[in-house]
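Participant:
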Amino acid sequence: MYFLVQGKLKIYTTLPNGKSLLLRFSTPLALVGDLELVNGKEAMNTVESVSKSLLLGIGYRALQNTYAENPKFLHFMLSQVTHKLYTFSNLSSLNMLYPVESRFASYLLSTMGQDESSSEEIQTSKLTELADMLGTSYRHLNRVVQDLCNRDIIRKVQRKLVICDLEQLRVIAGGNIYE
1 MYFLVQGKLK
11 IYTTLPNGKS
21 LLLRFSTPLA
31 LVGDLELVNG
41 KEAMNTVESV
51 SKSLLLGIGY
61 RALQNTYAEN
71 PKFLHFMLSQ
81 VTHKLYTFSN
91 LSSLNMLYPV
101 ESRFASYLLS
111 TMGQDESSSE
121 EIQTSKLTEL
131 ADMLGTSYRH
141 LNRVVQDLCN
151 RDIIRKVQRK
161 LVICDLEQLR
171 VIAGGNIYE
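Rendered as structure tokens:
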């Protein structure tokens with residue numbers, strides 16, 4: 001199991017049809033592998049670092065031998081699992097019920113850099129992959145990007161997207177964020 005102590009992780013699942021679906025972003029202090037520890041099943045999601053990250057790993061056997069009966073550790077694990085359940089529930093509705101523009105705005109806000117002006121991970125060359133994760137076509141996502149550029153909410157700078165109007169982007173996201 002890993003403890004994320006610095007950075008940001010993107011968690012997504014790849015379906016049997018080859019498409020991916022974004023589940024959430026994790027920030028410190030988050031756990032990776034906690035569900036697998038509890039249920040003993042193999043991981044089904046992909047975890048990818050989107051910024052410089054630091055994770056501390058502890059073997060499952062050591063955790064089971066040392067902390068399996070520790071109430072404080074179990075309470076911490078429970079709080080992490082309930083947070084994942086809560087975010088999964090909210091983001092499932094976001095992925096299914098909100099327009100692509102809102103999903104894309106939420107994604108941009110989730111990947112925003114520390115200075116709140118640019119999104120380090122969004123490069124225009126990755127729009128095909130991103131469209132997949134947001135459950136839309138590349139063409140539709142590209143139209144959304146063009147529309148946001150035309151409205152001066154974002155702009156393309158070389159191969160990156162830069163946020164120009166953070167408040168308007170938050171309005172479009174409707175308070176939703178992939179975290």
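Residues in the sequence shown are numbered consecutively from 1, following the UniProt record's numbering. Glycine included, C-beta positions come from ideal geometry on N, C-alpha and C.
Return the first residue and the last residue of the beta strand (DSSP E) that ALA43 is part of.
Facilitator: On the sequence shown, position 43 is the one that residue 43 refers to. Counting along the chain, ALA43 falls outside any beta strand (DSSP E), and DSSP gives it neither H nor E.
Participant: Contact between the stretch 57-77 and the stretch 6-13 is defined here as three or more beta-carbon pairs at a separation below 8 Å; is this criterion met?
Facilitator: Judged by Cβ distances under 8 Å, the stretch 57-77 makes no contact with the stretch 6-13, as fewer than three pairs qualify.
Participant: Any idea if TYR86 is buried or exposed, counting beta-carbon neighbours within 10 angstroms, 16 or more meaning buried?
Facilitator: Here residue 86 corresponds to residue number 86 of the sequence shown, with the count starting at 1. Label assigned to TYR86: exposed.
Participant: Count the other CB atoms within 10 Å of the CB of LYS8; is the residue buried (16 or more) or exposed (fewer)?
Facilitator: Here residue 8 refers to the residue found at position 8 of the sequence shown. Buried.
Participant: Could you pull out every unbroken alpha helix (DSSP H) segment of at least 4 residues lying fully inside the UniProt domain "Cyclic nucleotide-binding" (1-84), listed in chain order?
Facilitator: Fully enclosed alpha helix (DSSP H) runs of 4 or longer: 34-39 and 60-67.
Participant: What does a CB cutoff of less than 6 Å around LEU109 pick up in its chain, not counting 5 residues either side in sequence?
Facilitator: As a position in the sequence shown, residue 109 is number 109, starting the count at 1. Excluding positions up to five away in sequence, the list reads ALA173 and ILE177.
Participant: Among residues of its own chain, excluding the 5 on either side of LEU4, which ones have a beta-carbon nearer than 8 Å to its beta-carbon?
Facilitator: For the purposes of this step, residue 4 is taken as residue 4 along the sequence shown, with counting starting at 1. Around LEU4: SER26, THR27, PRO28, LEU29, ALA30, LEU31, VAL32, SER53, LEU54 and LEU55.
Participant: Would you kindly work out how many angstroms separate the C-alpha atoms of PRO99 and ASN39, rounded to a whole number?
Facilitator: Within the sequence shown, numbered from 1, the residue matching residue 99 stands at position 99. Within the sequence shown, numbered from 1, the residue matching residue 39 stands at position 39. Using only the alpha carbons, I get a separation of about 35 Å.
Participant: Going by DSSP in three states, ARG159 sits in which element: helix, strand or coil?
Facilitator: Position 159 of the sequence shown, counted from the start, is the residue given in the question as residue 159. ARG159 falls in the coil class under three-state DSSP.
Participant: Express the C-alpha separation of LEU127 and ASN142 in angstroms, rounding to a whole number.
Facilitator: As a working mapping, residue 142 is identified with position 142 in the sequence shown. As a working mapping, residue 127 is identified with position 127 in the sequence shown. One C-alpha to the other measures close to 8 Å.
Participant: For THR46, which of LEU63, LEU23, LEU37 and TYR60 has the nearest alpha-carbon?
Facilitator: What you label residue 46 is simply residue 46 of the sequence shown in a count that begins at 1. Of the listed residues, the one whose Cα sits closest to THR46 is LEU23.
Participant: Any beta carbon of chain D sitting closer than 8 Å to that of PRO71?
Facilitator: In summary, chain D is missing from the structure at hand, where a single protein chain is found.
Participant: Of all the options TYR138, ASP34 and ARG61, which has the alpha carbon lying nearest to the alpha carbon of MET77?
Facilitator: For the purposes of this step, residue 77 is identified with residue 77 of the sequence shown, where counting begins at 1. Cα-wise, what sits closest to MET77 is ASP34.
Participant: Given PHE88, which residues of its chain have a CB within under 8 Å of its CB, disregarding the five upstream and five downstream residues?
Facilitator: Here residue 88 corresponds to residue number 88 of the sequence shown, with the count starting at 1. Here the set comprises LEU23 and ARG24.
Participant: Verify whether the separation of the beta carbon atoms of LEU134 and ARG170 is less than 8 Å.
Facilitator: Here residue 134 is taken as the residue at index 134 of the sequence shown, counted from 1. Here residue 170 is taken as the residue at index 170 of the sequence shown, counted from 1. Not in contact: LEU134 and ARG170 (Cβ atoms no closer than 8 Å).
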